[in-house]
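Here the structure is laid out as C-alpha cells; the discussion comes afterwards.
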Amino acid sequence: KTVCVTGASGFIASWLVKLLLHRGYTVKASVRDPADPKKTEHLRSLEGASERLHLVKANLLEDGSFDSAIDGCVGVFHTASPFYHDTTDPQAELLDPAVKGTLNVLNSCSKTSTVKRVIVTSSVAAVAYNERPRGSDVIVDETWFSNADFCEQNKSWYVLSKTLAEEAAWKFAKDHDIDLVTINPAMVIGPLLQPTLNTSSEAILNLINGSSTFPNMTFGWVDVRDVCEAHILAYEVPSATGRYCLVERVLHYSNLAKIIKELYPSIQVADKPADDKPLAPDFQVSKEKVKGLGLTYTPLEESIKVTIESLKEKGFVN
Ligand code: NDP
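Counted the way our numbering counts, the sequence shown spans residues -16 to 301.
So, in C-alpha cells, the structure goes:
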C-alpha cells in the first residue's frame, strides 16, 4: 500500500504523512529540498518513518518532476501549493505553482496504471469567493464555485490560485479518466509538526502577539487532524466522490478572539476590528456531504487551545 503526498513538509501534509504512516501505508513524500533539515527532520522522526517513509525531490514548476514520486503508488494526495498573501508577482509566485503544478502532478498520475484515486487539497477559497450575498441564513455548500473574475477584481491572488487550480484539476481528471476527489477545507488550525510558521497558524498567532486589532473578516475554521482524516477517508471510502467542504464552525475574528480570551484570561488578545466598517456578515457552511465520509469534527475550542499551546512550545509567542 504505497501512496504519495506532495509538499510533504507543509503544515497539513506533515499531519497527513503522520496519519498515513500510523495507518500502515508506505509514503513517498515529495519535498523541494530533501537536504534541508527544517523541511524534513520532523518527517524523518515520525513513527514508522525509518521503515516506510521515502523522501523524493520534486518541484511543482518542473515538468515531469513528480514522475518518480508517483510511480508505483495506489493513491496520490496532492497538497503542495503556495499559501501566502504577500506577493509582488502573483502569476509566478502563486498562480503558476498552483495551476501548472496541479496539472503536472495529475499528468504524472495519468502516466501510471497503479494510481486508483487522486485527492487534491483544494480549499473553501475555491468554493465561496463570489458575489453571492452572505448572512446567517446563507448556507455555502459543495455546489458553490468561486468566481475567478471576482477574485481578480479584488486582487485575491491566493484565492484565485486555488480556484483556477481546482477548475483545471476537474477538467484534466475528466479528460484523462482520473478518479479525483477534492477536499475543500476552511482555515486550518491545530498543532504544528513542522518547525516553521504557516499562514493559517499565523492567523491565530497574530491575535495573541501584541496586536490590538483583528481582521474584519468571517471565516470557517477546522482542525488539521480532521482535515487529514478526511483526506484519508476520501481515498479509502469507495463511494467518496466530488468535493468535500470542511468547516467545524464559521466565526468572525471577533468571536475567535472572544474564545481565546475565555481560554486564556491572562493573555492580551486583539480586541477591535482593523477597520471602521460594519462587521463582516456571518454565513454557514454545510456539514451534510462530509457525513458520508464518517468524519467527526474536533470542537473548535479544543483546536484553538492546542494551536496556542503548540505556538508557545515552538517559541512563536512573544
Ligand atoms: P504550507 O505553507 O505549510 O505548505 C505548502 C506546501 O507547498 C509546502 O510544503 C511547500 O514546500 C509546497 N510548495 C509551495 N510551492 C512549491 C513548489 N513550487 N514546488 C513544490 N512544493 C511547493 O501550507 P498548508 O499546509 O497550510 O497548505 C497545504 C495545502 O492546503 C495547500 O494546497 C493550501 O492551499 C491548502 N489549504 C490550506 C488551508 C489552511 O488554512 N492552511 C485551508 C485550505 C486549503 P516548501 O516546504 O518547500 O516551501
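Here a beta-carbon is modelled for each residue, glycine too, at the ideal position from N, C-alpha and C.
Residue i: CB within 7 Å of a non-hydrogen atom of ligand 1
i	result
I(-5)	yes
K145	yes
M200	no
A52	no
S64	yes
L239	no
L176	no
S129	no
L43	yes
S183	yes
T97	no
P168	yes
S286	no
R321	Lying outside -16 to 301, the shown extent of the chain, residue 321 is not represented and no answer is given.
G173	no
S28	no
G(-10)	yes
G193	no
P80	yes
Contacts around residue i, its chain only, beta-carbon distance under 7 Å, and the 5 residues preceding and following it disregarded
i	result
C92	I53, V59, V98, V101, I161
I(-5)	T62, T104, V171, V207, V210, C211
D79	L44
L(-1)	V(-12), F60, T62, C211, H214
K244	V252
A131	L143, T146, L147
Whole-number beta carbon distance between residue j and residue i, since they are thought to touch under 8 Å
i	j	result
S119	D265	4 Å
P73	W140	4 Å
V233	G203	5 Å
V300	Y227	With 8 Å as the limit, V300 and Y227 do not qualify as a contact, their Cβ atoms being about 33 Å apart.
T85	A148	5 Å
S(-3)	H25	6 Å
D(-8)	Q177	Before going on, a small fix: residue -8 reads as Ser here, not Asp. About 6 Å; that satisfies the 8 Å criterion.
V268	A169	7 Å
Residue closest to residue i, alpha-carbon to alpha-carbon, out of the options
i	options	result
L262	F(-6), Q74, Y236	Y236
A257	T9, G7, S(-8), S194	S194
L77	V88, A63, V14, K22	A63
I172	F197, L229, A223	L229
T146	E24, S51, Y227, V110	V110
K255	T196, Y67, E150, N301	T196
I166	L278, D69, V252, E185	L278
N189	K94, S33, I291	I291
G(-10)	F66, S33, D46, K(-16)	F66
F133	G(-7), A108, V121, K157	A108
L294	K154, T179, V220, E271	T179
I287	F155, K260, N238, N90	N238
L89	I122, L36, A75, D46	D46
D124	K(-16), K270, G298	K270
V82	P17, F155, S183	F155
R351	S96, A186, T201	Because the chain spans -16 through 301 in this model, residue 351 falls outside it and cannot be assessed.
P174	L36, T281, A131, A18	T281
R15	R35, R6, A41	A41
E185	V39, H68, A75, S13	H68
D19	L38, K297, E34, A152	L38
A240	V220, I187, E231, P221	I187
N87	L36, K21, A152	A152
L36	V220, E231, K(-16)	K(-16)
Terminal residues of the beta strand (DSSP E) in which residue i lies
i	result
K11	9 to 14
D206	201 to 206
N167	163 to 168
K40	36 to 40
E117	One point to set straight first is that residue 117 is Arg, not Glu, in the sequence displayed. Premise fails: R117 is in no beta strand (DSSP E) and is neither H nor E.
Own chain partners of residue i with C-beta closer than 6 Å, once the 5 adjacent residues on each side are dropped
i	result
G31	L4
L29	K1, L4
I250	I191
E150	none
N181	F(-6)
V121	F266
Neighbourhood of residue i by C-beta, 8 Å cutoff - its chain only, sequence neighbours within 5 removed
i	result
V(-14)	L3, Y8, T9, V10, K11, C56, V57, G58, V59, F60, Y218
E284	I242, L246
E135	L143
W127	V110, A111, N113, R115
K260	N199
V164	R100, V101, I102, V103, A217, Y218, A223, T224, G225, R226, Y227
T95	I53, D54, G55, C56
S33	R27
S183	F(-6), F66, M170, V171, I172
P17	T23, L38, V39, K40
Residue i - containing alpha helix (DSSP H), residue span
i	result
F133	131 to 136
H159	140 to 159
F(-6)	-6 to 5
V289	283 to 296
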